[in-house]
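Worksheet for the structure shown next.
Number of protein chains: 2
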Amino acid sequence: MDEKTINANIGGNKLGSNDNYALILDTVRRFGPIGRADIAKFTNLSGPRVTPLVRDLIRAGFLKEDEFGASKGGRPPILLRLVPDALFAIGVDIGAAKLRAAVVDLEAKIVTKIVKATNASEGKKATLGRTMNTILEVIEKSKVKTDKIKGIGIGLSGIVDHREGVCLFWPNVEGWKNIPLKKIIGQELGIEAVIDDSARAMTLAESWCGLAKNVENFIFVNVGIGVGSGVFIHGELYRGSGGTAGELGHMTVDENGPRCNCGNFGCLETLVSGPAIARRTREALEQGVVSLIEELVEGDLNKITSEIVVAAAKRGDKLAFNIMEKTGEYLGIGVANAINLFNPDLVIIGAGVSKAGRLLLDPVKRVVKARALQVASEKVDVKISILGDDAGVLGAAILVLKNIFTAGVSYVGRKSIPF
Amino acid sequence: MDEKTINANIGGNKLGSNDNYALILDTVRRFGPIGRADIAKFTNLSGPRVTPLVRDLIRAGFLKEDEFGASKGGRPPILLRLVPDALFAIGVDIGAAKLRAAVVDLEAKIVTKIVKATNASEGKKATLGRTMNTILEVIEKSKVKTDKIKGIGIGLSGIVDHREGVCLFWPNVEGWKNIPLKKIIGQELGIEAVIDDSARAMTLAESWCGLAKNVENFIFVNVGIGVGSGVFIHGELYRGSGGTAGELGHMTVDENGPRCNCGNFGCLETLVSGPAIARRTREALEQGVVSLIEELVEGDLNKITSEIVVAAAKRGDKLAFNIMEKTGEYLGIGVANAINLFNPDLVIIGAGVSKAGRLLLDPVKRVVKARALQVASEKVDVKISILGDDAGVLGAAILVLKNIFTAGVSYVGRKSIPF
DNA sequence: CGAACTTTATTCAAAATGTTAAAGAAGTTA
DNA sequence: TAACTTCTTTAACATTTTGAATAAAGTTCG
Numbered sequence: 084m085d086e087k088t089i090n091a092n093i094g095g096n097k098l099g100s101n102d103n104y105a106l107i108l109d110t111v112r113r114f115g116p117i118g119r120a121d122i123a124k125f126t127n128l129s130g131p132r133v134t135p136l137v138r139d140l141i142r143a144g145f146l147k148e149d150e151f152g153a154s155k156g157g158r159p160p161i162l163l164r165l166v167p168d169a170l171f172a173i174g175v176d177i178g179a180a181k182l183r184a185a186v187v188d189l190e191a192k193i194v195t196k197i198v199k200a201t202n203a204s205e206g207k208k209a210t211l212g213r214t215m216n217t218i219l220e221v222i223e224k225s226k227v228k229t230d231k232i233k234g235i236g237i238g239l240s241g242i243v244d245h246r247e248g249v250c251l252f253w254p255n256v257e258g259w260k261n262i263p264l265k266k267i268i269g270q271e272l273g274i275e276a277v278i279d280d281s282a283r284a285m286t287l288a289e290s291w292c293g294l295a296k297n298v299e300n301f302i303f304v305n306v307g308i309g310v311g312s313g314v315f316i317h318g319e320l321y322r323g324s325g326g327t328a329g330e331l332g333h334m335t336v337d338e339n340g341p342r343c344n345c346g347n348f349g350c351l352e353t354l355v356s357g358p359a360i361a362r363r364t365r366e367a368l369e370q371g372v373v374s375l376i377e378e379l380v381e382g383d384l385n386k387i388t389s390e391i392v393v394a395a396a397k398r399g400d401k402l403a404f405n406i407m408e409k410t411g412e413y414l415g416i417g418v419a420n421a422i423n424l425f426n427p428d429l430v431i432i433g434a435g436v437s438k439a440g441r442l443l444l445d446p447v448k449r450v451v452k453a454r455a456l457q458v459a460s461e462k463v464d465v466k467i468s469i470l471g472d473d474a475g476v477l478g479a480a481i482l483v484l485k486n487i488f489t490a491g492v493s494y495v496g497r498k499s500i501p502f
Numbered sequence: 084m085d086e087k088t089i090n091a092n093i094g095g096n097k098l099g100s101n102d103n104y105a106l107i108l109d110t111v112r113r114f115g116p117i118g119r120a121d122i123a124k125f126t127n128l129s130g131p132r133v134t135p136l137v138r139d140l141i142r143a144g145f146l147k148e149d150e151f152g153a154s155k156g157g158r159p160p161i162l163l164r165l166v167p168d169a170l171f172a173i174g175v176d177i178g179a180a181k182l183r184a185a186v187v188d189l190e191a192k193i194v195t196k197i198v199k200a201t202n203a204s205e206g207k208k209a210t211l212g213r214t215m216n217t218i219l220e221v222i223e224k225s226k227v228k229t230d231k232i233k234g235i236g237i238g239l240s241g242i243v244d245h246r247e248g249v250c251l252f253w254p255n256v257e258g259w260k261n262i263p264l265k266k267i268i269g270q271e272l273g274i275e276a277v278i279d280d281s282a283r284a285m286t287l288a289e290s291w292c293g294l295a296k297n298v299e300n301f302i303f304v305n306v307g308i309g310v311g312s313g314v315f316i317h318g319e320l321y322r323g324s325g326g327t328a329g330e331l332g333h334m335t336v337d338e339n340g341p342r343c344n345c346g347n348f349g350c351l352e353t354l355v356s357g358p359a360i361a362r363r364t365r366e367a368l369e370q371g372v373v374s375l376i377e378e379l380v381e382g383d384l385n386k387i388t389s390e391i392v393v394a395a396a397k398r399g400d401k402l403a404f405n406i407m408e409k410t411g412e413y414l415g416i417g418v419a420n421a422i423n424l425f426n427p428d429l430v431i432i433g434a435g436v437s438k439a440g441r442l443l444l445d446p447v448k449r450v451v452k453a454r455a456l457q458v459a460s461e462k463v464d465v466k467i468s469i470l471g472d473d474a475g476v477l478g479a480a481i482l483v484l485k486n487i488f489t490a491g492v493s494y495v496g497r498k499s500i501p502f
């Protein structure tokens with residue numbers, strides 16, 4: 084590939100026809116700063132081949148030489164890094180409450196961020212408009228040139244057809260059915276967009292910047308208003324045949340449990356989600372259990388939220404503690420089942436419940452140890468995410484960025500069938 | 084690659100350094116008989132490149148030209164096929180009751196088969212010796228030359244370290260702990276061996292010769308003395324990080340259910356396995372339910388087996404029918420949960436319960452429809468295997484054969500890390 | 001200190017792998 | 001029979017990769 088072609092592709096959609104460009108970039112992203120010799124080891128490319136490929140990538144503006152690394156008894160390596168401002172992506176997280184947008188650089192660092200209320204109750208059209216404006220605002224604020232923005236990634240906690248870029252259904256707001264978000268944004272803003280479920284986007288963020296960096300197989304579960312989740316297999320987000328894989332939230336945990344809005348009974352979501360925690364607390368109080376919570380909501384049981392239960396538990400309230408423990412146990416059953424099926428290295432519990440911390444994590448771990456197969460459970464870690472509220476926007480942006488680091492269709496290992 | 088190298092590799096372990104040889108062989112295996120033009124389409128290789136690669140493979144004895152295919156309005160394709168007797172593999176299925184061994188050709192057809200009683204009660208040493216002898220016997224009987232036998236694949240329904248080739252634990256027989264089967268067989272017979280869980284081997288058989296041929300993502304569940312299962316993802320057997328992925332049998336289905344010998348309570352296995360069916364039937368009879376089964380076992384409730392329950396159900400016995408229906412419902416919960424997590428194209432119920440047929444399948448399907456997420460369940464098929472008792476040996480042999488059709492470590496898409 | 005050794009990076013030629021354009025082969029269609 | 005398709009191969013050329021040799025820049029140790 085000649086220099087002209089590469090330079091023409093900066094800011095474009097393609098890195099070049101050679102998949103090894105992407106492979107090298109991905110190696111630098113994951114293990115950088117890193118020298119050429121190590122790149123050769125990681126990628127299985129020969130040493131001499133790395134030199135010209137890296138030279139191309141430096142000329143193209145994606146890589147730069149940095150300081151020298153430590154010698155291992157010989158010539159020290161010249162460390163290579165990504166050039167953070169080579170390209171950018173926009174990440175948007177449309178949550179039930181908050182609308183977040185961020186400009187994210189090639190190193191997956193947030194450059195500029197805006198957080199607003201979603202005001203979803205204003206209706207579909209208003210929310211869409213608000214989203215567009217926020218995107219424009221964050222681009223403006225970041226001072227990044229439009230031609231360096233590779234795309235817009237959007238995560239929302241609904242059912243999404245990722246391939247077509249359509250939001251099939253967003254439970255939180257009326258009117259969000261079959262909305263071709265990708266097309267709308269492409270037309271309005273002239274930038275390509277990618278849509279996905281926000282939990283899946285967060286899973287991606289964990290694998291790039293979180294506890295799961297360089298972990299081959301892991302599971303991510305986020306407990307919030309619903310239970311979102313994502314599954315990472317062989318270093319990639321697993322979507323399944325129809326694009327809906329990894330739905331931990333709708334696993335049947337109690338055959339005779341409460342009805343879920345998916346139609347099933349006793350889904351994990353009906354037992355551990357924020358509203359489920361509130362409901363279970365309310366039921367206990369209605370049966371006459373004494374608790375600090377009554378004070379906290381001034382007697383109005385409809386005011387109970389999971390946050391209040393967590394706060395009460397931390398202040399030593401017995402009922403609240405029990406509710407959270409039982410919540411953890413339910414979640415533990417779901418996680419243990421998933422561990423038996425996926426045998427991952429790691430399970431990450433998302434930031435939605437990070438305030439609960441060990442209150443939730445301890446019973447989860449206990450149940451996993453008791454219920455998952457020993458060979459699988461003794462090697463798995465269960466941890467709480469460290470990405471905080473940024474996971475959503477980061478992941479959404481990574482939906483875009485990851486294409487830069489992913490080889491195109493290659494001869495070897497091709498799996499899909501052309502007819 | 085020159086002719087000499089290729090020919091030197093017939094019967095050896097490597098096809099050559101070019102991954103596209105394996106890619107083409109795999110394409111012919113999956114879609115053959117097939118012409119060169121279609122091979123080009125499937126593999127994404129260019130037409131002219133296919134010609135010399137196929138020529139090499141023909142010279143090497145792996146492929147042959149066959150009849151002409153139907154014209155699509157132009158020159159008809161020269162169809163290519165695998166040469167069945169280019170190479171062979173031995174498949175061995177060490178079951179609790181039966182010991183099976185077969186010589187299987189490159190097309191995964193059984194050439195010669197031997198079935199014996201396992202006589203596991205005679206102890207580890209005897210069983211091992213019996214296995215060795217049976218392998219030698221089946222090779223002898225098949226008249227296949229030893230140098231054409233690429234390896235021995237062994238499936239057993241225990242816990243297996245596939246990578247090391249060690250049987251960690253076989254619940255059915257005492258003394259089977261930490262047995263380095265791969266090493267033992269390699270030393271005794273001088274042929275390389277591969278060991279795996281028999282349900283995983285069966286999963287492989289389904290993907291090559293069964294209902295799951297050319298299906299990207301599917302789940303296999305075999306209900307027998309235990310519940311074995313395997314998961315196929317992106318066209319490959321998924322093993323997870325520790326090699327124990329896909330354990331559907333130990334999913335918690337009833338939080339307060341019976342104790343399982345894995346230590347957990349209410350595993351799927353404790354509710355739907357053959358012994359579980361017998362136990363549940365016995366419990367019902369002990370509580371005074373009237374049933375044909377009592378006659379069938381001549382009043383001795385310890386004689387109840389799942390086969391008898393199925394037989395009674397087929398003769399219209401109400402209790403037996405209800406037991407089988409409830410069994411199907413439990414299995415359905417497990418399958419529905421797995422569908423939500425994996426979003427497969429297909430679920431195959433193994434031959435172990437094929438005699439029960441729709442007695443089991445109907446409730447499974449009903450529960451899947453009710454409990455799995457609609458987007459996932461409306462596209463999934465649930466079927467009973469058509470491979471019968473051969474699934475085990477076939478799959479075991481395919482553990483060996485599949486290496487012929489799998490590209491080696493390639494630059495592009497390399498995932499593992501060399502340090 | 002300096003010679004010997006390591007490790008990293010590059011150069012260059014040869015080998016292999018792959019592509020495109022064009023032509024030949026063998027049918028169908030009208 | 002002529003025109004058109006589709007399949008396969010040829011030939012010229014471009015790309016990708018490797019291997020051997022070399023240079024660069026340290027560490028190690030007598």
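These protein sequence lines map, in sequence, to chains A and G.
Going by my numbering, the letters in the first sequence line up with residues 84 to 502, in that order.
Going by my numbering, the letters in the second sequence line up with residues 84 to 502, in that order.
Where is the CB? At the ideal position from N, CA and C, for every residue including glycine.
Note that this is a predicted model, so its numbers are computed, not measured.
Take glycine 295(A) as the anchor and find which of Leu470(A), Arg164(A) and Lys147(A) has the nearest alpha-carbon.
The sequence shown places alanine at residue 295(A), rather than the glycine named in the question. Considering only alpha carbons, the answer is Leu470(A).
Other residues of its chain near lysine 87(A): CB distance less than 8 Å, five sequence neighbours each side excluded:
Here lysine 87(A) scores only 31 on pLDDT, less than 50, and its place in the model should not be relied on; the value that follows carries that caveat. Result list for lysine 87(A): empty, nothing under 8 Å.
Quick check on the burial criterion: 16 or more other C-beta atoms within 10 angstroms. Buried or exposed for glutamate 378(A)?
exposed
So with CB distances below 8 Å, who are the chain A contacts of lysine 462(G)?
Near lysine 462(G) (Cβ distances below 8 Å), the residues of chain A are Ser324 and Gly325.
For the alpha helix (DSSP H) that contains cysteine 292(A), what are its first and last residues?
281-292
Partner residues on chain G for histidine 333(A), Cβ-Cβ distance less than 7 Å:
Asn423 and Leu456
Please list, in chain order, the residues of the region 369-399 of chain G that have any C-beta partner in chain A closer than 8 Å.
none
Going by Cα to Cα distance, which pick from Asn347(G), Ala396(G), Ala282(G) and Leu402(G) is closest to glycine 371(G)?
Nearest of Asn347(G), Ala396(G), Ala282(G) and Leu402(G) to glycine 371(G), Cα basis: Leu402(G).
Determine, using beta-carbon pairs with one atom in the region 294-310 of chain G and one in the region 349-360 of chain G, whether at least three such pairs fall under 8 Å.
Using a Cβ-Cβ distance cut-off of 8 Å, the region 294-310 of chain G and the region 349-360 of chain G are in contact, since at least three pairs of beta carbons, one from each stretch, lie closer than that value.
Does chain G have any CB closer than 8 Å to the CB of alanine 439(A)?
Not one beta carbon of chain G lies nearer than 8 Å to the beta carbon of alanine 439(A).
Can you name, in chain order, every residue of its own chain whose Cβ lies under 7 Å from the Cβ of aspartate 176(G), other than the five neighbours on each side?
Arg183, Gly238, Ser281, Gly475, Val476 and Ala479
For asparagine 103(G), three-class secondary structure by DSSP
helix
Beta-carbon within less than 7 Å of asparagine 486(A)'s beta-carbon, same chain only, minus the 5 sequence neighbours each way: which residues are those?
none
Relative to the C-alpha of lysine 438(G), which residue among Arg449(G), Arg132(G) and Met407(G) is closest?
Met407(G)
Between Ala434(G), Val430(G), Leu456(G) and Val458(G), which lies nearest to valine 447(G) when the distance is taken from Cα to Cα?
Val430(G)
With distances taken between CB atoms, is the gap from leucine 162(A) to isoleucine 107(A) smaller than 8 Å?
no
Indicate whether alanine 123(A) and proline 160(A) have their beta-carbon atoms separated by less than 8 Å.
no
Once you ignore the five residues that flank phenylalanine 252(G) on each side, which residues in its own chain have a CB closer than 6 Å to its CB?
Gly241, Ile242 and Lys260
Where in the region 439-495 of chain A do unbroken runs of the beta strand (DSSP E), each at least 3 residues long, occur, reported from the N-terminal end onward?
464-467
Give me the chain G residues within the contact set of alanine 459(A), using Cβ-Cβ distance strictly less than 7 Å, ordered along the chain.
Per Cβ cutoff of 7 Å: Gly325 and Thr327.
Are any of the Cβ atoms in chain G nearer than 8 Å to that of alanine 153(A)?
No, alanine 153(A) lies away from the interface with chain G (no Cβ there is under 8 Å from its Cβ).
Cβ of valine 507(A) less than 8 Å from any chain G Cβ?
Because chain A in this structure spans residues 84 to 502, residue 507(A) falls outside the shown range and cannot be described.
How about asparagine 423(G) and methionine 334(A): are their beta carbons less than 8 Å apart?
Yes; because the gap between Cβ atoms is below 8 Å, this pair is in contact.
Would you say glutamate 352(A) faces chain G, with C-beta separation under 8 Å as the test?
no
Determine which residues share a DSSP beta bridge with aspartate 244(G) and list them.
Val249(G)
I'd like the span of the alpha helix (DSSP H) that includes glutamate 352(G), first residue to last.
352-355
Within-8 Å CB hit, tyrosine 321(A) to chain G
yes
Please classify alanine 91(G): is it buried, with 16 or more other beta-carbons within 10 angstroms of its beta-carbon, or exposed?
With a pLDDT of only 29 at alanine 91(G), under the threshold of 50, the placement of this residue in the model should not be trusted, and no figure is reported.
Could you work out which residues of chain A lie near arginine 242(G), taking near to mean beta carbons separated by less than 8 Å?
Before going on, a small fix: residue 242(G) reads as isoleucine here, not arginine. Result: Val458.
Throw me the rounded Cβ distance for the isoleucine 387(G) and threonine 410(G) pair, which I believe falls under 8 Å.
Wrong, their Cβ atoms sit about 14 Å apart, outside the cutoff.
Should glycine 248(G) and lysine 265(G) be called a contact, given that it needs their Cβ atoms to be closer than 8 Å?
yes
Is the shortest distance between the beta-carbon of alanine 453(A) and the beta-carbons of chain G less than 8 Å?
yes
Quick one: residues in its chain with C-beta nearer than 8 Å to the C-beta of arginine 246(A), no 5 flanking neighbours on either side, listed in chain order?
The answer, listed in chain order, is Gly326.
Inter-residue CB distance, glycine 236(A) and valine 277(A) (contact presumed, cutoff 8 Å)
5 Å
Straight-line gap, leucine 482(A) to arginine 322(G) (C-alpha atoms, nearest Å)
Straight-line Cα distance between these residues: approximately 26 Å.
Cβ of valine 483(A) less than 8 Å from any chain G Cβ?
no
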